[in-house]
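Inspection log for the structure reproduced underneath, given as structure tokens.
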Amino acid sequence: MTNRAKLILVRHGETEGNVARILDTQVPGLPLTERGVAQAKAFGGTLIRPPRVLVSSEALRARQTAGYIEAATGTTAQVLPDLYEVQVGELHGRADRDSHELFQRIYRGWHHGELDTRTPGGESGREVLDRILPVLAQLRTQYLEGDEDGDVVVVNHGAAMRLVGKELAGVAPPFTTNNHLDNTETIELLPTEDGGWECLRWGRFTPPFTVKADPTPDDPMG
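Mapping of the sequence shown onto full-length UniProt numbering: residues 1 to 222, in sequence order.
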């Protein structure tokens with residue numbers, strides 16, 4: 001069953017914003033560090049087979065990551081709209097503890113169903129899902145529902161990925177809120193016959209997703 005084509009959401013490589021713990025969400029955002037470049041190259045090099053489709057968000061860090069995966073696999077990278085990171089509004093560019101705690105409080109609430117809350121000037125969880133889920137649904141219809149082989153790889157962002165993984169595959173908090181994704185870690189989703197999704201991988205973990213972890217700030221997200 002796991003040999004069937006999957007939707008693979010991969011977080012971009014490391015950026016200076018990640019290192020400095022900056023809430024960097026606006027497009028185009030900061031570029032990859034040297035370590036981030038190495039991570040992207042390594043990810044592309046470890047794929048067992050080239051993806052059928054390779055897409056990324058509009059953010060510079062995602063486009064760069066996808067470019068290195070393209071170089072490693074030969075699959076042309078495409079940029080799609082609406083896959084960018086959660087927009088944090090007035091918190092963008094900040095790295096102070098209060099800003100991180102405010103975002104985390106609201107973000108954790110989304111995973112518990114409080115999807116209409118938002119940071120000042122930022123997006124609600126519902127708005128994040130409303131722009132990303134249709135893009136993934138279209139990719140599923142085009143590339144994952146026929147007899148064609150090959151995975152769909154989507155280079156995007158940590159906070160958005162975790163919310164999407166929770167929504168699509170029913171992976172529940174506190175796993176989804178406490179088990180963060182490192183740079184170039186993946187959430188791998190298998191389409192099911194009933195139109196749903198089965199989560200095969202969340203970062204380092206495979207089902208059942210019951211690993212407990214203390215809540216910690218993201219690095220910070222992005």
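For each residue, glycine too, the CB sits at the ideal point set by N, CA and C.
This one's a predicted model, so the numbers in the text were calculated from it and none came from an experiment.
Query	Result
G67 vs A77 beta-carbon contact at 8 Å	yes
Close-in-space but distant-in-sequence residues of the same chain around A71 (CB under 6 Å, 5 per side omitted)	none
Supposed contact pair T33 and T46 - C-beta distance, whole angstroms, cut 8 Å	Contact doesn't hold; Cβ gap of about 20 Å is too wide.
Burial state of G165, where buried means 16 or more other Cβ atoms lie within 10 Å	buried
Uninterrupted alpha helix (DSSP H) stretches inside the region 75-119 (no shorter than 4 residues)	97-111
Beta carbon of L189 nearer than 8 Å to that of L168	yes
The region 117-130 / the region 90-97 touching (three or more Cβ pairs under 8 Å)	yes
Nearest candidate by alpha-carbon position, reference F29, set V37, V55 and A62	The sequence shown places Gly at residue 29, not Phe. For G29, the nearest C-alpha among the options comes from A62.
Proximity test, E34 beta-carbon vs the ligand NAP heavy atom, cut-off 7 Å	Ligands in the displayed structure: none, and consequently the ligand NAP is not present.
Separation of D147 from R21, as counted between CA atoms	43 Å
CA-to-CA distance, R105 to G113, given in whole angstroms	13 Å
Residue(s) in a DSSP beta bridge with V154	L9 and V55
Range of the contiguous alpha helix (DSSP H) that encloses I69	L60 to T73
With 16 other Cβ atoms within 10 Å as the buried cut-off, status of I132	buried
Start-to-end residues for the beta strand (DSSP E) that takes in R21	That residue, R21, is in no beta strand (DSSP E); it is neither H nor E in DSSP.
Own chain residues within Cβ distance below 6 Å of S57, not counting five before or after	L83, Y84 and N156
Extent of the continuous beta strand (DSSP E) to which T186 belongs	T186 to P191
C-beta contact flag for R52 and D151 at 8 Å	yes
CB contact check: Q26 to chain B, cutoff 8 Å	In summary, chain B is missing from the structure at hand, where a single protein chain is found.
Host beta strand (DSSP E) of L30 (start-end)	No beta strand (DSSP E) contains L30, which DSSP labels as neither H nor E.
CB of A159 within 8 Å of CB of V86, strictly	yes
Proximal residues to T73 (C-beta, below 8 Å), its chain only, five neighbours per side dropped	G44, L47, P50, P51 and L54
Inter-residue spacing [alpha-carbon to alpha-carbon] between Q138 and L115	23 Å
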